[in-house]
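> Here full-length UniProt numbering is used: the first residue of the sequence shown is 1, the next is one more, and so on. Here a beta-carbon is modelled for each residue, glycine too, at the ideal position from N, C-alpha and C. Predicted, not measured: the structure shown is a model, and the values here were computed from it. One structure is given below, represented as structure tokens, and several questions about it will come after.
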Amino acid sequence: MVSMGIAELTTLTGRLANILGQTEASDITVCDILLPLIIWSDVVVLCFSIANPNSLHHVKTMWHMEIKHFCPRTPVILVGCQLDLRYADLEAVNRARRPLARPIKPGDILPPESGREVAKELGISYYETSVFDQFGIKDIFDNAIRAALISRRHLQFWKSHLRKVQKPLLQAPFLPPKAPPPLIKIPECVINNREGPGLLLDSPLCADVMFILQDHIHIFAHKIYLSTSSSKFYDLFQMDFSDESQCLVVTERHARDALLRTLSLDTEEDVAVLPNLSPCSLRASKSDGTLKMMSFSGKHRRTKLSLASWSKAFYSIHKESVTNPVTGSPAHMTVVKMDYSIQLGPFSAVLRFLYTGELDEEERDLMKIAQIAEVLEVFDLRMMVENIMNHEGFMNQEITKAFHVRKSNRIKECLNKNTFTDVTFRLEDGTINAHRPLLISSCDWMAAVFGGSFMESANNEVSLQHRVMSSLGLVCCVGWILHGELTTR
């Protein structure tokens, strides 16, 4: 029979408090009460709490001596209990204990070396256990049985199976549970500030697109904002046409036709081609329409692509050197001539939505905004207009959130593929491409660099070779500025 003489010594001592209180007048001691429990035992498991240094001290000064006095030949195993407290959150443990219980302090937790030193001094085996984590329980029972069988060898030496019993084995180290991840509070992403893109639309620094409305109104914008918000603009700016000797001559539409199509946005235009022209075709990246382009030789050569058959909103597109209205310096821009029926107010509201993802509920021309959104395939804006007209404007908040999630993913994709990038950061170990409009609207420091009088504002490449920064660090910084995530490519 293998029995555990003293199990969980601290708990057992507490249970005996009442008995001791009743026998204070007599000569009965704790050892006298525990004597019947250990006198006929085959092995004694002597336990202490690793969260109570006094319990280990009593093992050495009292309990082991008493056990050896009454049971000199009984093997003893020293066990440190409550191992989980060594790695637990003591504040949470103390809150869960009884109100009047003594709090456990970090200095009360004993290291495993303390138990091993006492066990080595007493000449016994040492193990640690935790009922909470179910660790070491089987080790205690297995090695207690080994210790009991080995102690019988001198009494039953003729039994050969006792010769094969191993001594108590070493315990495998306890693997503490994985610590919970630290609570990281990420500040609000600067890209969520709608004022930055809106101000950039009002003051178009680094503009690379100019829209022409009704032949005399010019609106400047940025490809990266329009392309990541609308697939129609993405297809438009991804068109590839040469600047060498190709041109399309489109017949001028009459004023009467323009007035008739102001509300319907219908475009039925005949393309007249000069004689001796060789036709060629160009297909947009995602559109099913085919754009026709002719070539001729002349004194003035310029590419002008007709978009009337591709979209009802656009008339033509070409590249031209245009003076920036903010800096006054010339820049190579994509000039898009809009359909004559597109009006300034509704189109400005559509552009502001593409920049900020918001629509003012006090807009007056909601129907015209919806028409422009329809032909530009900005379906989120069309739904927002419908909600406002149905007095359900509160539903637009979810549309705005989904809009910015998709926009952030598209910005990340453009950054990874170097699409529409207009600035290159050169470092010691490589180069990083980025988008100036996004940097300007999201970071005050970048706005000062590219919008002020620094030489970087006029250069397409910014050299950081003499700065202490790697490409990986700059990628993290640019990724955080553009879409609020510490990501690497």
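In its own chain, which residues sit with a C-beta less than 7 Å from the C-beta of Ile342, not counting the 5 before and 5 after it?
Taken in chain order, the residues that qualify are Leu213, Ala313, Ile372.
> Thinking C-alpha only, which one of Leu78, Gly123, Arg98, Glu374 is nearest Ser55?
For Ser55, the nearest C-alpha among the options comes from Leu78.
> What residue ranges within the segment 362-400 form continuous alpha helix (DSSP H) runs of no fewer than 4 residues, ordered along the chain?
Fully enclosed alpha helix (DSSP H) runs of 4 or longer: 366-375, 379-389.
> What do you get for Asp240, buried or exposed, if any count of 16 or more other CB atoms within 10 angstroms of its CB means buried?
Classification for Asp240: exposed.
> Between Leu122, Arg95, Leu354, His435, which lies nearest to Ile67 when the distance is taken from Cα to Cα?
Of Leu122, Arg95, Leu354, His435, the residue nearest in Cα terms is Leu122.
> Take Asn396 as the anchor and find which of Ile104, Met384, Ala207, Ser227 has the nearest alpha-carbon.
Cα-wise, what sits closest to Asn396 is Met384.
> So, are the CB atoms of residue 511 and Phe353 less than 8 Å apart?
An answer regarding residue 511 cannot be provided, because it is not within the stretch 1 to 489 covered by the chain.
> Would you decide whether Leu200 is buried or exposed? Buried here means 16 or more other CB atoms lie within 10 Å of its CB.
Buried, because 16 or more other Cβ atoms sit within 10 Å of the Cβ of Leu200.
> Once the 5 residues before and after Asn324 are set aside, which same chain residues still bring their CB inside 7 Å of it?
These residues qualify, in order along the chain: Ala207, Ala331.
> Report the partner residues of Met333 according to the DSSP bridge assignment.
Answer by DSSP bridge pairing, in chain order: Glu320.
> Quick check on this structure: which residue in Phe420, Arg102, His404, Leu366 has the alpha carbon closest to the alpha carbon of His391?
Per the Cα distances, Leu366.
> Strictly by DSSP, which residues pair up with Met210?
Answer is Phe220, Val335.
> Can you tell me where the alpha helix (DSSP H) holding Tyr126 begins and where it ends?
Taken as a continuous stretch (DSSP letters only), Tyr126 belongs to no alpha helix (DSSP H), being part of the beta strand (DSSP E) at 125-128.
> Name the two residues that bound the continuous alpha helix (DSSP H) containing residue 493.
For residue 493 there is no data in the structure shown, the boundaries of the chain being 1 and 489.
> Determine whether the Cβ of Pro99 lies closer than 8 Å to any Cβ atom of chain C.
The chain inventory of the structure shown lacks chain C, comprising one protein chain alone.
> Secondary structure at Glu428, three-state DSSP: helix, strand or coil?
Note: Glu428 maps to coil in three-state DSSP.
> Is it the case that the segment 221-232 contacts the segment 405-412, given that we only count it when at least three CB pairs across the two stretches are under 8 Å?
Segments in contact, yes.
> Kindly list the residues whose CB is nearer than 6 Å to the CB of Asn52, restricted to its own chain and excluding five residues on each side of it in sequence; keep chain order.
Nothing meets the Cβ criterion.
> Taking Cβ positions, are Ile150 and Leu110 nearer each other than 8 Å?
No. Outside cutoff.
> Check Tyr87 in the structure and name its three-state DSSP category.
Three-state result, Tyr87: coil.
> Return the Cβ separation of Tyr315 and Asp339 in integer angstroms, given the expectation that the two are a contact with Cβ distance under 8 Å.
That belief holds up - the Cβ atoms of Tyr315 and Asp339 are roughly 6 Å apart, short of 8 Å.
> Please name the residue in Pro75, Leu155, Ala96 whose C-alpha comes closest to that of Ala144.
Measuring from the Cα of Ala144, the nearest candidate turns out to be Pro75.
> Might you give, ordered along the chain, the residues of its own chain that have their beta carbon closer than 7 Å to the beta carbon of Glu461, omitting 5 neighbours on each side?
Answer for Glu461: Thr424, Arg426, listed in chain order.
> As an exercise, report each continuous beta strand (DSSP E) stretch of at least 3 residues that is fully enclosed by the segment 45-127, in chain order.
Counting only runs of 3 or more, we get 76-81.
> With distances taken from CA atoms, which of Lys120, Phe174, Tyr234 is nearest Val131?
Nearest of Lys120, Phe174, Tyr234 to Val131, Cα basis: Phe174.
> Please state the DSSP three-state secondary structure of Asn433.
Three-state result, Asn433: strand.
> Do Leu85 and Gly451 count as a contact pair if the criterion is CB distance below 8 Å?
In this structure, Leu85 does not lie closer than 8 Å to Gly451 by Cβ.
> Can you look up Val326 in the DSSP assignment and give me helix, strand or coil?
Residue state, collapsed to three classes: coil.
> With a 10 Å radius around its C-beta and 16 neighbouring C-beta atoms as the bar for buried, classify Trp310 as buried or exposed.
Flag for Trp310 reads buried.
> Cβ atoms of Val336 and Ser203: under 8 Å apart, would you say?
No; because the gap between Cβ atoms is not below 8 Å, this pair is not in contact.
> Would a C-beta distance cut-off of 8 Å place Gly345 and Thr400 closer than the cut-off?
No, Cβ-Cβ distance for Gly345 and Thr400 is not below 8 Å.
> Can you tell me the Cα-Cα spacing of Arg73 and Pro103, whole angstroms?
So the two alpha carbons sit approximately 39 Å from each other.
> Going by DSSP, which residues form a beta bridge with Val449?
Note: Val449 sits in no beta bridge, so no partner.
> Measuring CB to CB, does Ile440 end up less than 8 Å from Ala447?
In this structure, Ala447 lies closer than 8 Å to Ile440 by Cβ.
> Compare the beta carbon distance of Ala221 and Leu351 with 8 Å and say whether it is the shorter of the two.
Yes, the Cβ-Cβ distance between Ala221 and Leu351 is below 8 Å.
> Using a 10 Å radius around the Cβ and a threshold of 16 neighbouring Cβ atoms, would you call Phe141 buried or exposed?
Phe141 comes out exposed.
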